[in-house]
Structures are given as structure tokens and as C-alpha cells.
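With our numbering, letter number 96 in the sequence shown gets 384, and the count goes up by one each step, no holes.
The beta carbon of each residue, even a glycine, is placed where N, CA and C say it ideally should be.
Here the structure is a predicted model, which is why all the values come from computation and not from measurement.
First up is the structure itself, then whatever we jot down about it.
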Amino acid sequence: MRQQQRGFTLIELIVVILILGILAATAAPKFFNLQSSARISALSGARAAVQSAASLANALSLAQGNSAASSVSVQGATITMVNYYPDASGIIAAVTLDSGTYTSSNNGASVATVTMAGATTPASCAFSYTAATSTTIPPVVTTPVTGGC
Numbered sequence: 289m290r291q292q293q294r295g296f297t298l299i300e301l302i303v304v305i306l307i308l309g310i311l312a313a314t315a316a317p318k319f320f321n322l323q324s325s326a327r328i329s330a331l332s333g334a335r336a337a338v339q340s341a342a343s344l345a346n347a348l349s350l351a352q353g354n355s356a357a358s359s360v361s362v363q364g365a366t367i368t369m370v371n372y373y374p375d376a377s378g379i380i381a382a383v384t385l386d387s388g389t390y391t392s393s394n395n396g397a398s399v400a401t402v403t404m405a406g407a408t409t410p411a412s413c414a415f416s417y418t419a420a421t422s423t424t425i426p427p428v429v430t431t432p433v434t435g436g437c
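Okay, here's the thing in C-alpha cells:
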């Protein structure tokens, strides 16, 4: 008796390879955009860290009964305050951001800017922190600009 061989025909193999090629061609561009998405997520995380650090420094200053401009110490770092919230240099000291990932700068005592170091256009992948202008108005942390991430 003759045994029947089992397997795939040539046409079935070609169809499977063709389907895999189409799937790879449509899925590949989505994987190329992951780096930009990762930068945007990291920037949003840094923004949340800045907001939290400002709130915690404010709470510490109030709990210690300090004046509106008294500095506070957090984990060995001296945070300069204005209106019970960190000023631009104080928020950079309060938040320890990885220098290889983020670049931070301050414009005097009122505005600090945090940018992504590896972004395509770093100025278009950033957010800013504006110090509190009075004791009743908290600092402003802008929504991240993500066009150049």
C-alpha cells in the first residue's frame, strides 16, 4: 500500500508568506514611532514630578511655619522659595532629573524650562514652570509641547 504524504502545497506557502509580508509592512511604521511616544511619556512624567515637588515643598514650608521666602531643605538639597513655593532654581533643585535625558534651565528666579535632551527639536519637546506670583496663587506648570519629540 502506498502512504499518502502530508504537507503544504506551494500555493499555500506563498499565500502565508504574502500575508506575513503585508502584516509586516503595515505594522513596521507603528514601531518606528515608539521613540517619540516614549519621549512624550517621559516628559509628562517629569512634569508630574515637578508639580508634586512644588506641592510637597509648599506643604513642608507651611508645616514648618516658615515665612513666604524662607528656604526649605529636602533630602540635603536647599530649595529656594518664593510665596511659599519653589522659585525656578528651587524647583530644579527639588526635582532630580536625569541629566542625560532632560535639560533644565532657569530664567532668573521666575521661569524654569525642562526639555528632552534627545528630542528631534528640544525646544519643541519641553514644558515650563513659572514660580508663584502670590501666596494665594500656586505656580504654573505648562502642558508639555510635544511637536519636536
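DSSP places F320 in no beta strand (DSSP E) but in the uninterrupted alpha helix (DSSP H) bounded by L298 to F320.
No Cβ-Cβ contact shorter than 9 Å links M404 with R335. With a minimum length of 4 residues, the unbroken runs of alpha helix (DSSP H) contained wholly in the region 366–403 fall at 376–382. A contact is defined here as three or more CB-CB pairs under 8 Å, and the region 408–423 meets this definition with respect to the region 366–386. Annotation for S359: T366, I367, T368, M369 and G378 place their beta carbon closer than 8 Å to its own, counting only its chain and skipping 5 residues before and after. Under the three-state reduction of DSSP output, S329 falls in the helix class. In this structure, the beta-carbon distance from A381 to L344 does not fall below 9 Å. Just so you know, the alpha carbons of L331 and G435 end up roughly 12 Å apart. Under the three-state reduction of DSSP, S412 is assigned to helix. S325 sits exposed, since fewer than 16 C-beta atoms from the chains shown fall within 10 Å of its C-beta. Shown here for L298: not one same chain residue has a beta carbon closer than 7 Å to its own, the five before and five after excluded. The residues A376, in chain order, have a CB closer than 7 Å to that of N395 in the same chain once the five nearest residues on each side in sequence are set aside. Pairwise C-beta distances place the region 299–315 out of contact with the region 346–361, as fewer than three of them are shorter than 8 Å. With 16 or more neighbouring CB atoms inside 10 Å of its own CB, T401 falls in the buried class.
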